[in-house]
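Undergrad: Before we start, here is the structure in question, set down as structure tokens.
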Amino acid sequence: MLAPAPTIHLQSVEKVFPNGVRGLAPLDLAVGQGELVSLIGPSGCGKSTLLKLIANLHQPSGGAVRWWGEDFSAIGREGRRLSFVFQDPTLMPWSNVATNVRLPLDLDGVPRAQAEARIMPALRQVGLEHAAKRYPAQLSGGMRMRVSIARALVTRPDLLLMDEPFGALDEFTRNRLDEDMARLCARDGLTTIFVTHSLYEAAFLSSRVIVMAADPGRIHAEYVIDPGMPRDEAFRMSDAFARICRDLTALLSEVSPRRAGEEGI
Ligand SMILES: Nc1ncnc2c1ncn2[C@@H]1O[C@H](COP(=O)(O)OP(=O)(O)OP(=O)(O)O)[C@@H](O)[C@H]1O
Ligand SMILES: [Mg+2]
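Residue numbers for the sequence shown follow the working numbering, so the first one is 488 and each next one is one higher.
This is the structure in structure tokens:
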């Protein structure tokens with residue numbers, strides 16, 4: 488029997504922007520069903536560009552992106568879904584939490600009663616069922632981000648793309664949300680591609696970490712983490728986690744734009 492096609496497959500994909508900037512040199516990447524793959528690397532190495540190519544928000548200048556072995560138009564035909572979570576939760580301030588979460592279903596023309604029935608389960612997934620009637624201004628930064636994740640989950644995505652979703656949050660809140668994400672992804676087998684600046688976050692969440700380098704953007708190394716490890720507070724305190732962080736620190740230092748002998752600030 489043929490092996491199933493990977494969820495996402497980039498084949499010699501490159502990106503040159505109209506102004507001539509080479510965002511990505513040709514690269515290959517395959518992401519399988521249920522993987523949580525993180526992209527880390529210095530600013531400007533093409534993490535967001537890569538994510539936007541996968542979301543079909545950018546078109547490659549060369550090579551091909553395949554979604555479940557097909558082109559992008561097949562996604563809608565086969566009822567598959569992609570959800571994108573940005574660093575800024577971008578909630579509608581004039582609408583309460585429930586209405587914010589319902590937005591993508593409204594845009595898709597899902598009948599109101601069906602859409603309403605999906606709001607509370609999505610809010611429950613992020614521990615916010617008690618806040619359905621609150622307005623964004625009445626929420627903490629972490630709660631606003633949870634609403635943004637519920638809004639992504641309410642469409643029941645087959646692929647979740649996240650670009651530094653917790654980058655603006657304090658470390659404590661970020662750790663809590665990372666634990667929630669790990670639980671959600673493990674429970675639902677959600678395929679996720681996650682951009683972060685934090686190697687600790689990548690180490691905690693990922694089944695695989697892609698370390699990227701800049702000028703031009705490219706893949707420097709891949710680091711596999713046993714997906715079977717429970718991602719909880721005990722994991723964060725473990726020797727295994729410390730070793731993963733050390734390994735990722737070493738890989739990141741290889742692509743750091745500051746070289747020995749260079750002046751600091
Ligand atoms: N629309 C665009 N037009 C021209 N150049 C762009 C465009 N978008 C990104 N770039 C360039 O492509 C390169 C990769 O940018 P990208 O935003 O993907 O980096 P990144 O790894 O996400 O950085 P950061 O960590 O700062 O978010 C950079 O040199 C950037 O200036
Ligand atoms: Mg970026």
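Beta carbons: idealized from backbone N, C-alpha and C, even for Gly.
Keep in mind it's a predicted model, so treat the numbers as computed, not measured.
#1: Does DSSP put Arg611 in a helix, in a strand, or in coil?
#2: Restricting to Cα atoms, I'd like to know which of Ile712, Asp702, Met579, Gly715 is closest to Val508.
#3: Give the C-beta separation of Gly704 and Thr586 to the nearest angstrom, bearing in mind that I take them to be a contact with Cβ-Cβ under 8 Å.
#4: Taking Cβ to Cβ, would you say Glu501 is nearer than 9 Å to Ala490?
#5: On a Cα-Cα basis, can you pick out the residue from Leu739, Ile706, Arg733, Leu677 that is closest to Arg568?
#6: How about Ala492 and Trp581: do their beta carbons lie closer than 9 Å?
#7: Counting only runs of 4+ residues fully inside the region 523 to 590, write out the alpha helix (DSSP H) ranges in chain order.
#8: Since Gln601 and Gly550 should fall inside the 8 Å C-beta cutoff, what is the C-beta to C-beta distance between them, to a whole number of angstroms?
#9: Helix, strand or coil for Phe681 per DSSP?
#10: Does any heavy atom of ligand 1 sit closer than 8 Å to the C-beta of Glu651?
#11: For Gly566, does the count of other Cβ atoms within 10 angstroms reach 16, so buried, or fall short, so exposed?
#12: Closest by CA to Thr642, which one among Asp595, Val518, Val503?
#13: Under 9 Å between the Cβ atoms of Ile680 and Leu646?
#14: From Ala708 to Met699, what distance separates their C-alpha atoms?
#15: Check Pro652 in the structure and name its three-state DSSP category.
#16: With DSSP run on the structure shown, which of helix, strand or coil describes Tyr622?
TA: Result, derived from the coordinates:
#1: In this structure, Arg611 counts as helix in the three-state DSSP scheme.
#2: Among Ile712, Asp702, Met579, Gly715, the Cα nearest to that of Val508 belongs to Asp702.
#3: So it is not a contact: roughly 38 Å between Cβ atoms.
#4: Judged by beta-carbon spacing, Ala490 lies beyond the 9 Å limit of Glu501, meaning their Cβ atoms are not closer than that value.
#5: Nearest of Leu739, Ile706, Arg733, Leu677 to Arg568, Cα basis: Leu677.
#6: Going by beta carbons, Ala492 and Trp581 fall outside the 9 Å limit.
#7: Runs of the alpha helix (DSSP H) inside the region 523 to 590: 534 to 541, 560 to 564.
#8: Not confirmed; about 39 Å, so no contact.
#9: In the three-state DSSP reduction, Phe681 falls in the strand class (E or B).
#10: Checking every heavy atom of ligand 1 against the Cβ of Glu651, one is found closer than 8 Å.
#11: If you draw a 10 Å sphere on the C-beta of Gly566, you find fewer than 16 other C-beta atoms in it, and that means exposed.
#12: Among Asp595, Val518, Val503, the Cα nearest to that of Thr642 belongs to Asp595.
#13: Ile680 places its beta carbon less than 9 Å from that of Leu646.
#14: Cα-Cα distance, rounded: 7 Å.
#15: Three-state DSSP puts Pro652 in coil, outside helix and strand.
#16: It is coil, neither helix nor strand.
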